[in-house]
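See structure below.
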Amino acid sequence: MSTALQIRNNTTGGEFEAVLGGEVVGRVGYRLRQDRVVLTHTEVDEPHRGEGIANQLVQAALDDIVATGRRLTNFCPFIADYIADHPSYKTLVDAEHPGGAAVPDRAPRHIPS
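Under numbering that gives the first Met the number 0, the first residue of the sequence shown is numbered 0, with each subsequent residue one higher.
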């Protein structure tokens, strides 16, 4: 029997965390700055890479930004690629403070389900 992945917002640690079987196996780091969320990195523990955990983490982080009405400053290349593949999130990027990882200006890639 497999354990369901849970995503939680650890506001104290400034991370969205992927939890599997009670263990944190991935994270998206962030800092809050006025009306912006600064996303710093995405990481998934080696044994769990390739399972779609990073995509679920990033989606949860971006959906939280949408829900709170904040803007996004991004420093993570993985998140930049995710936004390029899911263009509805492009409007979140703060024009004055976009961050160091620009969203590629390209057509979304086909990602198998």
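Note that the Cβ used here is the ideal one computed from N, Cα and C, for glycine as well.
For the pair Tyr29 and Leu91, the Cα-to-Cα distance works out to about 15 Å.
Looking at the DSSP output, Ala17 bridges to Ile6, Gly25. Three or more pairs of CB atoms, one per stretch, sit closer than 8 Å, so the stretch 35-45 contacts the stretch 56-70. Taking the Cα of Ile78 as reference, the smallest distance to any Cα among Leu4, Pro97, Gln33, Val24 is reached at Pro97. Secondary structure at Thr11: coil, using DSSP grouped into helix, strand and coil. The beta-carbon separation of Asp84 and Arg48, rounded to 18 Å, does not stay under the 8 Å limit for a contact. Per DSSP, Leu71 is one residue of the beta strand (DSSP E) stretching across 70-73.
A Cβ-Cβ distance of about 5 Å is found for the pair Ile82 and Val102, placing them in contact under the 8 Å criterion. Classified as buried, Thr72 has 16 or more neighbouring CB atoms from the shown chains inside 10 Å of its CB. Contact between Glu14 and Arg32 does not hold, since the beta-carbon distance rounds to 16 Å and is not under 8 Å. The three-state secondary structure of His40, taken from DSSP, is strand.
For Val65, the three-state secondary structure derived from DSSP is helix.
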